[in-house]
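Numbering (the numbering used here), first residue to last: 213 to 599. Structure, as structure tokens:
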């Protein structure tokens, strides 16, 4: 696999090797083994060297992957319809978690201003200092008149009346790897042999074992099955139940309902790595230089949120959500008689809604408190019953 991937610069390779030595030291200090969730956390979030904490360019054509906001401003412009409704129902306050390059924030602020519904506060929760600087620069360039209402947060806020947005955030939260065998359920972890990271399994225990046993019974998981169990993402969503007053949590990510997630044919899990627009399944390759992700079990997210006091407000595909929010009307602002402008927008929109691209795999989930009105993004094709 490594031979087919782009070669990193000498500087990037040196940073990755430093991080690998740090992770190796952590493994040795832990007795020679750490769970994969620990490895994933170190690879992505180690201060200064982890993928999301370092300086590598991640988003867009020059990075490792494309997110919906990087594909087209149409994404934020269409989403603004739902955002505007939620701000009317709650409070003019937005918190965006993990704002990437800042493209989405800039486009959303411009569209909300166009609609006369600019929020009084737009807060960005971002762990990377390098990304904060890039976000500030992007918003300053694209929406300079609105930079004054944006501020950055170091921690989860204590209270929010309004809207919390998280686009492709949950998939980057560390997950456990579990193997279901005839004799026992094991947690797959990471050890070191001859200076290289290797897989090593240990008998699962505690909360992880309880979750794995419940999944095996509910989804009829057969011996030999390997998959992920996310404990952090559901717990993170549950935290917002104590933070939200009258408000909503809008989550956009790729994943499935539980029974589809743990389908018998998906017996190798969903773990995926992204490096320079190449996708592969080797998480030990170049720690700190590549993204490591897993799909979302949306049933687990909803269960955690509802048990903590949130209400399920809607769940559907990205395609249905965008059409419900008026994607065709947004596109119609640019006349089809002007092909030089219209065709690039139409092609980008196709990537957002096509079943072969992002339209079906990506889902939109809304959880909230104090909201009884139907949300515009879910008026048709709500799939909440599938959860």
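Note that beta-carbon positions come from the ideal geometry of N, C-alpha and C, so glycine has one too. Just so we're clear, the structure is a prediction, and the values are computed from it rather than from any experiment.
Limits of the unbroken alpha helix (DSSP H) element including residue i
i, result
"residue 429", "418-431"
"residue 318", "315-326"
"residue 219", "Premise fails: residue 219 is in no alpha helix (DSSP H) and is neither H nor E."
"residue 539", "539-544"
"residue 448", "444-455"
"residue 257", "248-257"
"residue 602", "Limits of the chain in this structure are 213 at one end and 599 at the other, which puts residue 602 out of reach."
Supposed contact pair residue j and residue i - C-beta distance, whole angstroms, cut 8 Å
i, j, result
"residue 446", "residue 513", "6 Å"
"residue 548", "residue 286", "Residue 548 to residue 286, Cβ: 15 Å. No contact."
"residue 581", "residue 523", "7 Å"
"residue 330", "residue 386", "Contact doesn't hold; Cβ gap of about 36 Å is too wide."
"residue 465", "residue 574", "7 Å"
"residue 467", "residue 248", "Contact flag wrong, Cβ pair sits at about 18 Å."
"residue 320", "residue 345", "Contact doesn't hold; Cβ gap of about 20 Å is too wide."
"residue 534", "residue 279", "Their Cβ separation, rounded to whole angstroms, is 14 Å, which puts residue 534 and residue 279 out of contact at 8 Å."
"residue 599", "residue 510", "6 Å"
"residue 184", "residue 450", "Nothing can be reported for residue 184: it is not among the residues displayed for the chain, which extend from 213 to 599."
"residue 220", "residue 498", "6 Å"
"residue 644", "residue 263", "An answer regarding residue 644 cannot be provided, because it is not within the stretch 213 to 599 covered by the chain."
"residue 419", "residue 245", "Wrong, their Cβ atoms sit about 18 Å apart, outside the cutoff."
Three-state secondary structure assigned by DSSP to residue i
i, result
"residue 491", "strand"
"residue 273", "At residue 273, the pLDDT of 47 sits below 50, so the modelled position is not reliable and the matter cannot be decided from this model."
"residue 437", "strand"
"residue 405", "strand"
"residue 554", "helix"
"residue 240", "helix"
"residue 223", "helix"
"residue 479", "coil"
"residue 510", "helix"
"residue 232", "helix"
"residue 505", "strand"
"residue 375", "strand"
"residue 466", "strand"
"residue 412", "strand"
"residue 600", "Residue 600 lies beyond the residue range present for the chain, which begins at 213 and ends at 599; the question has no answer from this structure."
"residue 484", "strand"
"residue 190", "No information on residue 190 is available, as it lies outside the stretch 213 to 599 that the chain covers here."
"residue 471", "helix"
"residue 342", "helix"
"residue 391", "strand"
"residue 296", "helix"
"residue 399", "strand"
"residue 260", "coil"
"residue 459", "strand"
Range covered by the beta strand (DSSP E) that runs through residue i
i, result
"residue 364", "362-365"
"residue 528", "523-529"
"residue 305", "305-309"
"residue 580", "574-581"
"residue 387", "From DSSP, residue 387 is part of no beta strand (DSSP E); its letter is neither H nor E."
Residue from the options whose Cα sits closest to the Cα of residue i
i, options, result
"residue 583", "435, 460, 550, 568", "460"
"residue 526", "452, 589, 220, 241", "589"
"residue 312", "301, 409, 500, 338", "338"
"residue 322", "345, 362, 310", "362"
"residue 234", "225, 243, 255, 220", "255"
"residue 600", "544, 462, 318", "An answer regarding residue 600 cannot be provided, because it is not within the stretch 213 to 599 covered by the chain."
"residue 356", "399, 325, 369", "325"
"residue 257", "244, 336, 342, 221", "342"
"residue 250", "389, 480, 426, 529", "389"
"residue 422", "404, 413, 408, 442", "442"
"residue 314", "295, 306, 354", "354"
"residue 528", "537, 477, 594, 476", "594"
"residue 332", "518, 305, 372, 403", "305"
"residue 397", "252, 415, 405, 381", "415"
Any chain D beta carbon closer than 8 Å to residue i
i, result
"residue 247", "Judged by its chain identifiers, the structure shown contains no chain D, having just a single protein chain."
Per-residue burial, residue i [other beta carbons within 10 Å of its own, 16 or more giving buried]
i, result
"residue 531", "buried"
"residue 592", "exposed"
"residue 392", "buried"
"residue 566", "exposed"
"residue 302", "buried"
"residue 410", "exposed"
"residue 491", "exposed"
"residue 227", "buried"
"residue 507", "buried"
"residue 587", "buried"
"residue 216", "exposed"
"residue 436", "exposed"
"residue 374", "buried"
"residue 261", "buried"
"residue 379", "buried"
"residue 559", "exposed"
"residue 555", "exposed"
"residue 229", "exposed"
"residue 536", "buried"
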